[in-house]
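In what follows, a single structure is set out as C-alpha cells and then discussed.
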Amino acid sequence: MKKVVVVMALLICFSVTPAVEANRFGSNSLLTIPTADILPQQNLSMSYHMIDDADVVGFSYGLNEKVQVGANLVWNDGLDGDGEIDPSVKVNLLEENNEFRPEVSLGVFDRDYYLVASKNTNIAGIRAHAGLFSYEYGDNEAFVGVSKVLNPVTISTGSNNLKMPVTTVMGEYNEGLNLGAKFRFTDHISADLGVVDATDESALTLGINFENKF
375 MKKVVVVMAL LICFSVTPAV EANRFGSNSL LTIPTADILP QQNLSMSYHM
425 IDDADVVGFS YGLNEKVQVG ANLVWNDGLD GDGEIDPSVK VNLLEENNEF
475 RPEVSLGVFD RDYYLVASKN TNIAGIRAHA GLFSYEYGDN EAFVGVSKVL
525 NPVTISTGSN NLKMPVTTVM GEYNEGLNLG AKFRFTDHIS ADLGVVDATD
575 ESALTLGINF ENKF
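Residues 375 to 588 in my numbering are what the sequence shown lists, from first letter to last.
Structure, rendered in C-alpha cells:
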C-alpha cells in the first residue's frame, strides 16, 4: 500500500515544459547528468536544488532493484513564478561486473529520454559515466562525467577533532564544463555544491537531499 501511495504522488498531473539545468535526476546523479545507478528498493529520495533564479524540488523512489520513478516540481523564474511537474522513470538494463561490462540504464524524463553507462575504473577509484540525451524535438546530445568518493578525513586542532563528511567530487561535460562536490553528513542527509558552465558564464548550483527507506 505504501508503494502505491508513493507512486501515485510522484506521477500525478504532468506538464511538458523542459526543466532547468540543475540536478534533475535524483540523489544518484551528478550535477546535471544522470548515472546508471538505481535507488535501492523502497528508498525514497527528496531534494531541493537552486541554480540562478530556478528552484527544483525532486522526488525519486526505488520500486525495485531495476526500476526507479520520480518527478520534479520546477520553478524556472523562482518560487513566485509558475511551476510545472516533470515525471521520470529509469530502468536498469545491464548490471556492472568486475571486468569490462558497465552498468547501463535507460531513462525517460518528461518527453525526453537518455541512455547512460557507468563503470568503476582502476584509475584512482574513479567512476566514469557516459551517455546520450535524445530530446522530443529531435536533437541528440552526448554527455560524460567522472566521480570519486573520498574517505572521511579527521582534522585535529589541539584537543578537538573535526570529522569531515564523506565527499564525492564530480566533473562532467554537458554543453559545458561543470564541477562540484557532494557531502554525505549521515546515511539520510546529503548536500551538493557546484559550478555549472565553469568556462563561460558560470552559475552556482546548490542543493540538499534526504533519503530513507519506506
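For each residue, glycine too, the CB sits at the ideal point set by N, CA and C.
Keep in mind it's a predicted model, so treat the numbers as computed, not measured.
Approximately 5 Å separates the beta-carbon atoms of residue 518 and residue 547; this is inside 8 Å, confirming the contact.
Nearest Cα to residue 429 within the set 445, 451 and 525: 451.
In the three-state DSSP reduction, residue 461 falls in the strand class (E or B). Take residue 490, set aside five residues on each side of it, and the residues of its chain with a beta-carbon closer than 6 Å to its own are 408, 410, 479 and 505, in chain order.
For residue 562, the three-state secondary structure derived from DSSP is coil.
In the displayed model, residue 498 falls within coil according to three-state DSSP, outside both helix and strand. Look at residue 582 here: in three-state DSSP terms it is strand. For residue 406, DSSP assigns no beta-bridge partner whatsoever. Residue 436 and residue 412 do touch by the CB rule: their CB atoms are close to 6 Å apart, below 8 Å. Residue burial is scored here from C-beta neighbours: residue 581 has at least 16 other C-beta atoms within 10 angstroms and is therefore classed as buried. Under the three-state reduction of DSSP, residue 544 is assigned to strand. Annotated three-state conformation of residue 439 is coil, per DSSP. Within a 10 Å sphere around the beta-carbon of residue 516 sit fewer than 16 other beta-carbons, which makes this residue exposed.
When rounded, the separation of the alpha-carbon atoms in residue 508 and residue 493 is 22 Å. Nearest Cα to residue 552 within the set 465, 568, 559 and 537: 568. For residue 482, same chain residues with a beta-carbon under 6 Å away, outside a window of 5 residues either side, are 463 in chain order.
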